[in-house]
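The C-terminal position of the sequence shown is numbered 951 in my numbering, with every residue numbered one higher than the one before it.
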Amino acid sequence: MANKKRILILFTKYRFSIRNTVNESIYCFKKHITDTEFYYYNAYFGIPLNFKYLKFDAVILHYTFLAVRFFDNPDIWDFQIKNLNQISGYKIAIPQDEYDDTDKLCNLFKKCSIDTIFTCFNYEDWKKAYPPEKCSIKYFYHVFTGYIDDNVIETFKKKYLSHKNRKIDIAYRARKLPYWFGKHGQNKYEIAEKIKQAVKTLPLNVDISTDSSKVFYGKNWYDFIQDSRIVLGCEGGSSILDSTGEIKSAVIKYMKTKPDASFDEVEKACFSGRDFYINCFALSPRHFECVLTRTCQILLEGNYEGIFKSGIDYIELKKDYSNIKEVLTLARNIDYCEQIAENAYKNIALSGQYTYRKFSHMVFEHINNHITPNELNFLNRIKFILFKIYLSLHEIKITTNFIKLKLMFYIRKPYELKKSSKFQKIKKYILFKFCMK
């Protein structure tokens with residue numbers, strides 16, 4: 515009987531409520547890969563040095579683990595990765611938002627002898643971001659920021675809501691990105707403002723917001739887009755490569771003295787001539803989520819990895835907004851929008867080409883070509899049994915910490931409790947159960 519591979523997956527979660535796609539990307543491997551023992555470790559409290567006594571075959575660094583580099587306090591990143599080079603096993607990295615603090619990734623890859631990354635950069639951009647003099651990457655694989663979960667396809671087949679029964683005509687949620695994301699990064703906010711202004715006199719029910727407090731997570735997000743006929747969108751990513759974080763620092767410093775400065779003014783003062791050095795324009799997970807719920811998309815002019823076809827899978831809005839009237843005329847045609855959504859569903863969701871299953875198998879095809887599973891003696895097998903118990907206790911510790919932080923938040927701001935959907939459900943249950951008899 516062949517030995518099972520033992521894979522450590524390092525991720526970091528700092529709260530209960532996170533986007534669906536993050537959970538899906540963390541746990542897709544154990545869902546789709548067989549003959550493998552997976553050990554998931556939330557590195558919320560860093561990596562214990564004792565991990566060096568375990569013989570892992572491979573270690574996967576999830577993008578949530580690598581995102582800790584964005585913390586303002588560099589000590590947090592140093593603490594997070596402190597013992598990583600002590601862990602055995604073939605290491606691969608799956609970073610995102612690689613255009614920011616790229617040098618921290620390069621230093622980590624070099625220190626831990628990581629030569630394989632699954633990157634959102636295209637070929638031209640990864641050569642700029644990961645030059646050989648900074649890190650010795652041998653294997654680059656281009657991936658998306660998110661994929662389709664096979665189980666979710668089945669779920670929404672049963673829950674499909676026809677467009678004529680949806681309450682919202684045009685929906686959108688995004689935040690205004692800081693100027694260090696470049697001109698491209700301003701599209702998310704600009705499309706919201708342009709559409710909000712253009713629909714004022716039209717008989718359309720819109721729910722468009724760039725307020726971060728109005729973001730939906732988990733099931734609430736799917737409920738929101740499933741109740742919408744159309745969702746706005748654009749390509750994610752950035753047009754600036756800020757390897758050292760110097761552009762971000764310069765923008766923050768400048769905005770402190772001139773908080774109302776325009777993008778053009780800040781660009782000239784802080785990163786003149788550096789915008790569009792890269793074109794890290796990525797498909798967003800929400801593009802796939804809209805496909806799953808058969809929600810029509812009005813998308814800003816772009817490439818969309820060549821997967822989404824303009825006029826077939828989405829309605830294209832020009833970057834100069836010159837066709838905004840025509841687009842909003844189409845938006846009022848319920849049958850047309852439903853057909854566009856149906857096209858995208860058949861061409862993309864049902865193709866099976868853009869799923870977490872495919873992604874997982876791509877990652878493990880590479881791993882299988884580069885490792886031979888360790889032969890474990892009796893003592894090493896005992897170590898892994900004890901490690902599983904440790905992981906269970908660690909999850910309890912993390913959960914307890916989350917609850918403590920949440921309680922402290924509500925102690926400081928009890929009025930926020932009224933806004934909690936879970937609190938409202940509990941309140942209704944208590945009233946029904948004990949007060950209505």
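Don't be surprised by glycine CBs; every beta carbon is placed ideally from N, CA and C. The structure displayed is predicted, hence computed values, not measured ones.
Within the same chain, show all residues whose beta-carbon is closer than 6 Å to that of threonine 655, passing over the 5 residues directly before and after it, in chain order. Looking at the sequence itself, residue 655 is tyrosine, so the reference to threonine does not match. Once the five neighbours on either side are set aside, the close Cβ partners of tyrosine 655 are Phe632.
Candidates Ser753, Cys810, Glu856: which alpha carbon is nearest cysteine 794's? Nearest option by C-alpha distance: Ser753.
Taking only runs of the alpha helix (DSSP H) that begin and end inside the segment 582 to 670, which ones reach a length of at least 4 residues, in chain order? Segments of the alpha helix (DSSP H) lying fully in the segment 582 to 670: 588 to 595, 616 to 625, 637 to 643.
Can we say the segment 806 to 813 touches the segment 751 to 767, given the rule of at least three CB pairs closer than 8 Å? Cβ pair count under 8 Å is below three, so no.
Is the distance from the Cβ of glutamate 538 to the Cβ of aspartate 663 below 7 Å? Yes.
Taking 6 Å as the limit between beta carbons, can you name the residues of its chain near lysine 519, skipping five residues before and five after? Only Thr550, Asp571, Pro887 meet the Cβ criterion.
Please state if the CB of tyrosine 835 and the CB of leucine 844 are separated by a distance shorter than 7 Å. At least 7 Å separates the beta-carbon of leucine 844 from that of tyrosine 835.
Comparing alpha-carbon positions, which option in Ile792, Val841, Ala855 lies nearest phenylalanine 822? Considering only alpha carbons, the answer is Ala855.
In three-state terms, what does DSSP make of valine 573? Strand.
8 Å CB neighbourhood of phenylalanine 777 in its chain, flanking five on each side removed: Non-local C-beta neighbours of phenylalanine 777 in its own chain, meaning closer than 8 Å and more than five positions away in sequence, comprise Tyr693, Lys697, Gln700, ordered along the chain.
Cα-Cα separation, threonine 724 to tyrosine 731: Within the model, the alpha-carbon separation for threonine 724 versus tyrosine 731 is close to 15 Å.
Please report the distance separating the alpha-carbon of aspartate 586 from that of glutamine 867. C-alpha separation (whole angstroms): 38 Å.
Quick check: what's the CA-CA separation for isoleucine 862 versus tyrosine 870? Approximately 13 Å, taken between the alpha carbons.
Is the segment 550 to 560 in contact with the segment 888 to 908, if contact means three or more CB pairs nearer than 8 Å? Enough Cβ pairs lie closer than 8 Å, so yes.
According to DSSP, is asparagine 534 helix, strand or coil? The answer is helix: DSSP assigns asparagine 534 an H, G or I state.
Sheet register partners of lysine 519 (DSSP bridge): Lysine 519 is bridged to Thr550.
Which stretch, first to last residue, makes up the alpha helix (DSSP H) that contains tyrosine 686? Counting along the chain, tyrosine 686 falls outside any alpha helix (DSSP H), though it belongs to the beta strand (DSSP E) covering 682 to 687.
Whether isoleucine 705 touches leucine 746 by CB criterion (7 Å): Going by C-beta atoms, isoleucine 705 is nearer than 7 Å to leucine 746.
In or out: glutamate 615 buried (at least 16 other Cβ within 10 Å) or exposed? The sequence shown places aspartate at residue 615, rather than the glutamate named in the question. With 16 or more other Cβ atoms from the protein chains shown falling within 10 Å of its own Cβ, aspartate 615 counts as buried.
Does the distance from the C-beta atom of tyrosine 613 to that of leucine 831 stay below 7 Å? Not in contact: tyrosine 613 and leucine 831 (Cβ atoms no closer than 7 Å).
I need the DSSP call for cysteine 794, collapsed to helix, strand or coil. Residue state, collapsed to three classes: strand.
Minimum C-alpha distance to asparagine 857 - residue among Leu921, Cys784, Phe923, Cys804: Of the listed residues, the one whose Cα sits closest to asparagine 857 is Cys804.
Tell me which residue opens and which closes the beta strand (DSSP E) that valine 745 is part of. Counting along the chain, the beta strand (DSSP E) containing valine 745 begins and ends at 742 to 747.
Note the first and the last residue of the continuous alpha helix (DSSP H) segment covering glutamate 909. Counting along the chain, the alpha helix (DSSP H) containing glutamate 909 begins and ends at 892 to 926.
Please report the straight-line C-alpha distance between glutamate 668 and glycine 825, rounded to a whole angstrom. When rounded, the distance between both Cα atoms is 26 Å.
Shortest alpha-carbon distance to lysine 762 belongs to which of Leu575, Glu749, Asn564, Glu781? Considering only alpha carbons, the answer is Glu781.
If you check the beta carbons only, do alanine 688 and serine 742 fall under 7 Å apart? Pairing alanine 688 with serine 742 gives a Cβ-Cβ distance that is not under 7 Å.
Whole-angstrom C-beta distance between tyrosine 553 and phenylalanine 923, which should lie under 8 Å: Incorrect: roughly 31 Å between the Cβ atoms, too far for contact.
As a quick exercise: from Lys566, Ile885, Pro609, pick the residue whose alpha carbon is nearest that of lysine 596. Of the candidates Lys566, Ile885, Pro609, Lys566 places its Cα closest to the Cα of lysine 596.
Which residues bound the beta strand (DSSP E) around glutamate 830? Segment 829 to 831, the beta strand (DSSP E) holding glutamate 830.
Which of helix, strand or coil does DSSP assign to aspartate 721? It is a strand residue.
Output the boundary residues of the alpha helix (DSSP H) element that contains glycine 696. First-last of the alpha helix (DSSP H) with glycine 696: 696 to 699.
Tell me whether arginine 529 is buried or exposed, calling it buried when 16 or more other Cβ atoms sit within 10 Å of its Cβ. It counts as exposed.
Once the 5 residues before and after lysine 833 are set aside, which same chain residues still bring their CB inside 7 Å of it? Cβ neighbours of lysine 833 beyond the five flanking positions: Leu814, Glu815.
Nearest residue (CA-CA) to leucine 797, options Lys527, Pro588, Gly820, Cys784: The candidate whose alpha carbon is nearest that of leucine 797 is Gly820.
Go to isoleucine 812, then tell me how far its beta strand (DSSP E) extends in each direction, as first and last residue. Unbroken beta strand (DSSP E) run through isoleucine 812: 810 to 814.
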